[in-house]
Amino acid sequence: MRTICDVCESAPAVLFCAADEAALCRSCDEKFADFMCSSADWVWANGLSLEVKEKATVLLNSRTIMLKLHRRLSGSTTDTNSCFSKICNLDKFAPLMQGCADLRSLKKLHARVFTHGLSWNVILGSKIVSYYANLGSLPESRLAFQTILNDDRSLWNSAMVNYYRAGYTEEVILLYKRLKVNQIGLDGKTITFGLKSCTELKNQYLGKAMHVDSLKLGLSVDKFVGSSLIGLYSKLGRMDNSQKVFKEIISKDVVAYTSMITGYSEIVDSTAWNAFVIATDMLQNNLEVNRVTLVSLLQIAGNLGALKEGKSIHCYSIRRAIGFSDDILETSTVNMYTRCEAYQSATALLQNSKGTVASWNAMLSGLTRAGQSFNAVQCLFVMLHENKVTPDSVTFANMLSACAELRYFGYAASIHAYFIRRYIPMDVVLATALIDVYSKCTRIMLSRHLFDQLIVKDVVSYNTMMYGYLQNAMANEAISLLNCMMAEGIAPDFATVLSLLAAFADQRDLIRGRWIHGFAIRHGFCSELDVKNHILHMYSVCGIIVAAWAIFDSLEKKNLVSWTAMMKGCLSRGHVDEVVQLFQLMQKCEEKLDSVILITAIQAVSDLGHLKVISAYAMHGYYNDVLEMFKKMGEKNIQPDGSTFSSVLTACSHAEFTETHSLRMLLAKSSLSMDHRTQSKIAKDCMCS
């Protein structure tokens, strides 16, 4: 056994590594650990010679020595095991790793593991990989993983789990691909965390490829793989695929049901009603609903305005004592009630509970969103003075939004002064909200002063300041700010273009409207339907019908806004025939009609006589629209004559609308006093049908 250090060859060796293959003195051992810790050349830092440096490098990088150590440790030699257990017991390193609070400490401990020849140990190496990943050091984690790399699939799965939990989703994808290339094989855990990473990255292509891998291995029916597939397709908005995967799962558990319900909470259309059916099926299968499931169901009820279902969910949580005194569940319940416009229920819930600042913020946000800004201000006073709840930045943002709606300059200035007195730093959200309030209260100079004080400006703050200029008829300043925004390297977004188009349309500013149209084309914003609709509206109100028709004809998909803007533009220029043609074309395309379209059609044909409109409706079988037309005519004080009314009832008779009470209802709606001859004709028309 050596008695002299192999590095400095002067000091006595006190640490024997690699079973007599290497010997270190205490000083070199500490320097060697510091070298691994700081990733710096400690040899040069301590002024050692090049020869000593080469020896240290050999000791550091020699895989042969480490391999010999691994073989000796794996053997049954009593002397080797006893000698090594005295120096570095494997069980002693695990608790030491738990105490590594920073990267430097972990690197130092890793150096100890390396010098003691344990870097090849799979269990210890997996822990090192995990701790490096948790501390955010991906390069060191990769190197540690390469050291212990083998064909053991559990080792790869452990690394994938650690990388996913640390947020390195792209690294998980790379390991998944390497597993397939090296033909090590896949299992349910591998595919599960691969799918979770694809969900985080919104990688639809690779996610579908993993779905195919699960089908080949027969793992798509596994509840863990199936839940991950549901999460992937839900994130991508493909609830139809999620439903198919959900049906294929053989043994569904709470996680599978919750994943499906959570997916429906991300959408706001009528298909979200299926979540309540799934929840009912979940209860029928004797599965207990947890807090996450209830939060998702409450969100769905709020999105759909389903007050009855929302109350049922709230009552269920009370009966089962789920989420008692849970802030998230309470906030979700308050948010559901506000979205369903059940403000009394939301207030009662806040009064009967501890009422955290998050739940009060949900109440304030719901009132502001519903346009009840005055009630939001009153709610704030109740929150501050009666319940003694300390507000946060979200509270102030909601209040500033209410002040902007009410044009309460004094309240907004008081909040601003509160920030200054308490030395509360304003973030971009609060500063942008204050800019919006000051702009709407015509204090544009204060808005610009606050805007200039922002250290970090984003596209939202620029859009708010530009919109403030446009509200105060300062278009030149808005365009100048747009140029400054682009000079700073901040790209405009759709909100920028939409606000400029809306402002120039209101001002009937055709020159600037054409300029922003060209700007939208150059920067690729014209692919969005909303932008094209605003351009169409701008040309229509400015009287450039030819340009409006060109935009309208270029639309591959038209919505109600497109039809309304074009019809109003034609009506403003007196092109009544084109309005009628658009109305008929709209009916052929089976577009839904609203009150604005009907009023526009009534105005367009007022000179042609109402009988032609009614006849056109009756001819095409739009009998419900006939009644809607009568209602709008009554609201505009347009009195139809007896012939018009007779034509309406004739059309209704073809729709089998001949019951006596229905006729009376129609008479009441029309508010007509008819003579005996007209009544006889109506009765005859109804009998003939």
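Position one of the sequence shown corresponds to residue 1 (the UniProt record's numbering), numbered consecutively onward. Glycine included, each C-beta is placed from N, C-alpha and C at the ideal position.
Can you tell me where the alpha helix (DSSP H) holding SER228 begins and where it ends?
223–235
How many Å lie between ALA321 and HIS314 at the Cα?
Their Cα atoms are separated by approximately 10 Å.
Can you tell me which of the three DSSP states PRO12 falls into?
strand
Tell me whether THR271 is buried or exposed, calling it buried when 16 or more other Cβ atoms sit within 10 Å of its Cβ.
Exposed is the call here.
How would you call SER572, buried or exposed, if buried means at least 16 neighbouring beta carbons within 10 angstroms?
exposed
What does a CB cutoff of less than 6 Å around LEU500 pick up in its chain, not counting 5 residues either side in sequence?
ILE516
How close, in whole Å, do the beta carbons of ASP436 and GLY410 come, if the pair is a contact with beta carbons under 8 Å?
The Cβ separation is near 16 Å, so there is no contact.
Can you find at least 3 beta carbon pairs, one from the region 333–340 and one from the region 361–373, that sit closer than 8 Å?
yes
Taking 9 Å as the threshold (C-beta atoms), are MET160 and LEU175 in contact?
yes
State the Cα-Cα distance for the pair PHE552 and VAL579, rounded to the nearest angstrom.
When rounded, the distance between both Cα atoms is 13 Å.
Mind checking whether SER359 and LEU367 have CB atoms under 9 Å apart?
no
Compare the Cα-Cα distances from ILE444 to each of ILE249, MET465, MET567 and SER325 and report the closest residue.
MET465
Use the C-beta contact count for PHE583: other C-beta atoms within 10 angstroms, 16 or more gives buried, fewer gives exposed.
Under a 10 Å Cβ-count criterion, PHE583 is classified as buried, with 16 or more other Cβ atoms of the shown protein chains found around its own Cβ.
Determine the burial state of HIS385: buried for a count of at least 16 other Cβ atoms within 10 Å of its Cβ, exposed for fewer.
Counting every other CB atom within 10 Å of its CB across the protein chains shown gives HIS385 a total below 16, marking it as exposed.
Counting Cβ pairs closer than 8 Å, one from the region 415–433 and one from the region 385–397, do we hit at least three?
The answer is yes - the region 385–397 touches the region 415–433, with three or more Cβ pairs under 8 Å.
Verify whether the separation of the beta carbon atoms of GLY513 and MET538 is less than 9 Å.
yes
In angstroms with no decimal places, state the Cα-to-Cα distance between ASN533 and ALA601.
20 Å
At the level of alpha carbons, what is the spacing between GLN284 and MET486?
58 Å
Assign SER595 to buried or exposed, taking buried as 16 or more other Cβ atoms, counted over all protein chains shown, within 10 Å of its Cβ.
exposed
In its own chain, which residues sit with a C-beta less than 8 Å from the C-beta of LEU529, not counting the 5 before and 5 after it?
Counting only residues of its own chain and dropping the five nearest sequence neighbours on each side, LEU529 has a CB closer than 8 Å to the CB of LEU555, LYS557, ASN559 and SER562.
Rounded to the nearest angstrom, what separates ALA520 and PHE494 at their Cα positions?
9 Å
Among VAL172, ALA478, LEU219 and LEU406, which has the Cα closest to the Cα of SER251?
LEU219
Just tell me which of ASP152, LEU186, GLU200 and GLN183 has its CA closest to the CA of TYR164.
With distances taken between Cα atoms, TYR164 lies closest to GLU200.
Start and end of the alpha helix (DSSP H) containing MET239?
239–248
With a 10 Å radius around its C-beta and 16 neighbouring C-beta atoms as the bar for buried, classify ASP213 as buried or exposed.
Under this definition ASP213 is a buried residue.
Using the beta-carbon count (16 or more within 10 Å), is SER141 buried or exposed?
The residue is buried, with at least 16 neighbouring Cβ atoms inside 10 Å.
Counting only the same chain and skipping the five closest in sequence on each side, list residues whose C-beta sits under 6 Å from that of ASP222.
GLY188
In the structure shown, what three-state DSSP assignment does HIS537 receive?
helix
Could you check the C-alpha separation between GLN183 and THR190 for me, to the nearest Å?
13 Å
Alpha carbon to alpha carbon, how far is GLU488 from TRP106? Give it in angstroms, no decimals.
Here residue 106 turns out to be Leu, not Trp, going by the sequence shown. Going from the Cα of LEU106 to the Cα of GLU488 covers about 42 Å.
Quick check on MET426: does DSSP put it in helix, strand or coil?
coil
On a Cα-Cα basis, can you pick out the residue from THR347, GLY231, ILE415 and GLY371 that is closest to VAL382?
For VAL382, the closest of THR347, GLY231, ILE415 and GLY371 by C-alpha to C-alpha distance is THR347.
Using DSSP with H/G/I as helix, E/B as strand and the rest coil, what is CYS379?
helix
Cβ atoms of THR262 and SER296: under 9 Å apart, would you say?
yes
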